[in-house]
Structure formats: C-alpha cells, structure tokens
Amino acid sequence: MYDVLTTRYTFACPARGKTSVRLSAFREVDRLPGAAHPAVFRVRFACGCGEDHVGLVAHDDLDWAPLGLDDGATFLNLMTARVEPLDSEFVDLAIRRIQAGEWPWSFFCYPEERPRPVFPSFFRLLAPSAPDGSIGLAVLCPACFRISINLVTHEHVDLPFHNDAEIGVVEHVFASDTAQTLEEFRARLYSSDFDARRLLLE
Ligand SMILES: [Zn+2]
Ligand SMILES: [Zn+2]
Numbered sequence: 077m078y079d080v081l082t083t084r085y086t087f088a089c090p091a092r093g094k095t096s097v098r099l100s101a102f103r104e105v106d107r108l109p110g111a112a113h114p115a116v117f118r119v120r121f122a123c124g125c126g127e128d129h130v131g132l133v134a135h136d137d138l139d140w141a142p143l144g145l146d147d148g149a150t151f152l153n154l155m156t157a158r159v160e161p162l163d164s165e166f167v168d169l170a171i172r173r174i175q176a177g178e179w180p181w182s183f184f185c186y187p188e189e190r191p192r193p194v195f196p197s198f199f200r201l202l203a204p205s206a207p208d209g210s211i212g213l214a215v216l217c218p219a220c221f222r223i224s225i226n227l228v229t230h231e232h233v234d235l236p237f238h239n240d241a242e243i244g245v246v247e248h249v250f251a252s253d254t255a256q257t258l259e260e261f262r263a264r265l266y267s268s269d270f271d272a273r274r275l276l277l278e
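What the sequence shown shows, in the working numbering, is residues 77 to 278, in sequence order.
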C-alpha cells in the first residue's frame, strides 16, 4: 500500500491497472463512518493517467506507514546485502525525533493562532495552487476541530519530518460542515491572500 523508499501509495487505476501516488496527489480525505478498528479513509487522488480516482486507505497506512511504523515493511540493507525489516531502523529514528520535539507533520491552526502537530488523517482537502506549485491544504485541527487552510510545499506534505519553516495561512474561520467548507475552500484558495506564518513548534 505505502512504500517508504519511494514515499508513494499504491492504488487501483481503471486505465493502468495500478498506479502509485504521493500524499500530495491526494485531493480529498474523508473518514468512513462505521469502521473503527482500523478506521478507514476514503481518498480521492489525482492519478498519473489524468483522471481522479477514489481509493480506500486504512488508518495505519495513512498515518504510520510513512514513518516505517506499519508491519512487514522491508528494505535492502546495503551493508549486509540482505532484505531486512524496516522496523528497527525507521521506528527508532522516528520515535527519537518525535521525543526530541520534531513532528512528522504540522500545520498552523488559524482559529487558535498557533502551529500544531498533525497526521495525514486530519488532512481534508488538498489542491494544487499557485504557479509555484504549492499546495492549498485544508486541515481539521486535532485539538479544536476547526478547519484551517495552509499554503505549503509538496515536501511539507510528502516527506515526514520535513516542515516548511514558513507557510501561508488563510485568515478565515471555516464552518465545520464539510460539504459547505469544500466550496468555501475553493473560493478562498484562489482568491485569498495568504498571510505568512512561521511553523516553529515549541
Ligand atoms: Zn488512473
Ligand atoms: Zn486548532
């Protein structure tokens, strides 16, 4: 499902059979009602074939696999020329970094006026934005459950522990209703000036 080495998720594509995309190619992320162990997310993503498709991703794959924290991941150890489980290497590193106060993903919560750590399962909408290729990202805050829109780089989304030093923030408090927010998001994204904020977490 997720490949740590290429940082890509694999999905079915009606045209190509299989396709693999980065997190930044996701367009909508919605938690399916009901399924809880694990929670399942419905993802609409922009496929390399030019169309958008819908796929399902389990919570573990969405949040933990990019950190090497899912089961069964392996890598080729060039020192021993053996395929070995990723767990020890990646897990140790990821846990040490989180303990040191580094977060795999973060965003700026506008209603709370502060940066916060987050996981991809709290991303709601992603849209390619400005000519520089940055991404408009609507995030549901895990702390206050309100939605903020940040303007970030692809790396900020795709690479765990890569957090942009500065990001754009739309100065607007969004309604919590997702359907309405989707329309508002599009309107704001393409019309708003983004206010630059620093993403330093304490
Ligand atoms: Zn496709
Ligand atoms: Zn918040």
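Built from N, CA and C at the ideal position, the CB exists for glycine as well.
Practice prompt. Under 6 angstroms Cβ to Cβ from His230, same chain only, skipping five residues before and after it: list those, please.
Written response: Your numbering for residue 230 matches position 154 in the sequence shown. Cβ-Cβ distances below 6 angstroms link His230 to Ser100 in the same chain, with the five nearest sequence neighbours on each side left out; the list follows chain order.
Worksheet item: Under the criterion of a Cβ to heavy atom distance below 8 angstroms, does Gly131 qualify as lining ligand 1?
Response: Position 55 of the sequence shown holds residue 131. Because no heavy atom of ligand 1 lies under 8 angstroms away, the Cβ of Gly131 does not count as near it: no.
Discussion item. Buried or exposed for His232, going by 16 or more other Cβ atoms inside 10 Å?
Written reply: Sequence index remark: in the sequence shown, residue 232 carries index 156 (1-based). Counting the other Cβ atoms within 10 Å of the Cβ of His232 gives 16 or more, which makes it buried.
Fill in: Distance, Leu275 Cα to Glu242 Cα
In the sequence shown, the residue the question calls residue 242 occupies position 166. In the sequence shown, the residue the question calls residue 275 occupies position 199. Near 6 angstroms, if we compare the C-alpha coordinates of Leu275 and Glu242.
Practice prompt. Kindly give me the distance between the Cβ atoms of Arg273 and Val249, rounded to whole angstroms, as I take these residues to be in contact under 8 angstroms.
Written response: Within the sequence shown, residue 273 is the residue found at index 197, counting from 1. Within the sequence shown, residue 249 is the residue found at index 173, counting from 1. With 8 angstroms as the limit, Arg273 and Val249 do not qualify as a contact, their Cβ atoms being about 15 angstroms apart.
Worksheet item: Whose C-beta lies closer than 7 angstroms to the C-beta of Val228 among residues of the same chain, with five residues either side of it excluded?
Response: What you label residue 228 is simply residue 152 of the sequence shown in a count that begins at 1. Taken in chain order, the residues that qualify are Ser210, Ile211, Leu213, Asp240, Ile243.
Practice prompt. Write down every uninterrupted run of the beta strand (DSSP E) in the segment 101 to 152 whose length is 3 residues or greater and which is fully enclosed by it, in chain order.
Written response: Taken in chain order, the unbroken stretches of beta strand (DSSP E) that lie wholly in the segment 101 to 152 and span 3 residues or more are 102 to 112, 115 to 122, 128 to 134.
Worksheet entry | Rounded distance between the beta-carbons of Ala91 and Cys125, thought under 8 angstroms | The residue labelled residue 125 in the question sits at position 49 within the sequence shown. The residue labelled residue 91 in the question sits at position 15 within the sequence shown. Sure, about 4 angstroms apart at Cβ, within 8 angstroms.
Fill in: Selection from Gly131, Ala251, Tyr266 that minimises the alpha carbon distance to Tyr186
For the purposes of this step, residue 186 is taken as the residue at position 110 of the sequence shown. If we check each option's Cα against that of Tyr186, Ala251 comes out closest.
Item to complete: Taking only the alpha-carbon atoms, compute the straight-line gap between Ile223 and Cys123 and give it to the nearest angstrom.
Response: Walking along the sequence shown from the start, residue 223 turns up at place 147. Walking along the sequence shown from the start, residue 123 turns up at place 47. Distance between the alpha carbons of Ile223 and Cys123 is about 26 angstroms.
Item to complete: Compare the Cα-Cα distances from Leu201 to each of Gly177, Pro193, Asn226 and report the closest residue.
Response: Walking along the sequence shown from the start, residue 201 turns up at place 125. The shortest C-alpha separation from Leu201 is found at Asn226.
Discussion item. For Leu227, list the residues DSSP reports as bridge partners.
Written reply: For this step, residue 227 is matched to residue 151 along the sequence shown. In the DSSP output, where bridge partners are listed per residue, Leu227 has Gly212, Gly244.
Discussion item. By alpha-carbon positions, which one of Asp106, Ala112, Asp128 ends up nearest to Arg118?
Written reply: Looking up residue 118 in the sequence shown gives position 42. Taking only the C-alpha atoms, the option nearest Arg118 is Asp106.
Worksheet item: Which one or two residues does DSSP pair with Arg273 in a beta bridge?
Response: Here residue 273 refers to the residue found at position 197 when the sequence shown is read from its first residue. Paired residue(s): Ile243.
Item to complete: Could you say which of Glu189, Tyr266, Phe195, Ala263 lies nearest to Trp179 if we only look at CA atoms?
Response: Sequence index remark: in the sequence shown, residue 179 carries index 103 (1-based). Looking at the Cα atoms, Phe195 is the closest of the given residues.
Worksheet item: So, are the CB atoms of Val215 and Phe237 less than 9 angstroms apart?
Response: Here residue 215 refers to the residue found at position 139 when the sequence shown is read from its first residue. Here residue 237 refers to the residue found at position 161 when the sequence shown is read from its first residue. No; because the gap between Cβ atoms is not below 9 angstroms, this pair is not in contact.
Discussion item. In whole angstroms, give me the CA-to-CA distance for Pro193 and Trp181.
Written reply: Locating residue 193 in the sequence shown gives position 117, where the first residue counts as 1. Locating residue 181 in the sequence shown gives position 105, where the first residue counts as 1. Answer to the nearest angstrom: the Cα atoms are 6 angstroms apart.
Worksheet item: Which two residues bound the contiguous beta strand (DSSP E) that contains Leu202?
Response: Reading the sequence shown from its first residue, position 126 is the one you call residue 202. Counting along the chain, the beta strand (DSSP E) containing Leu202 begins and ends at 199 to 204.
Worksheet item: Should Glu127 be counted as a contact of ligand 2 given a C-beta to heavy atom distance under 8 angstroms?
Response: Stepping through the sequence shown from its first residue, residue 127 is reached at position 51. No, the beta carbon of Glu127 sits no closer than 8 angstroms to any heavy atom of ligand 2.
Item to complete: May I ask whether a heavy atom of ligand 1 can be found less than 8 angstroms away from the beta carbon of Thr229?
Response: Taking the sequence shown and counting its residues from 1, one reaches residue 229 at position 153. Incorrect: Thr229 has no Cβ contact closer than 8 angstroms to ligand 1.
Fill in: Exposure label - Asp79; buried when at least 16 CB within 10 Å
As a first step, residue 79 must be located in the sequence shown, where it is residue number 3. Exposed, because fewer than 16 other Cβ atoms sit within 10 Å of the Cβ of Asp79.
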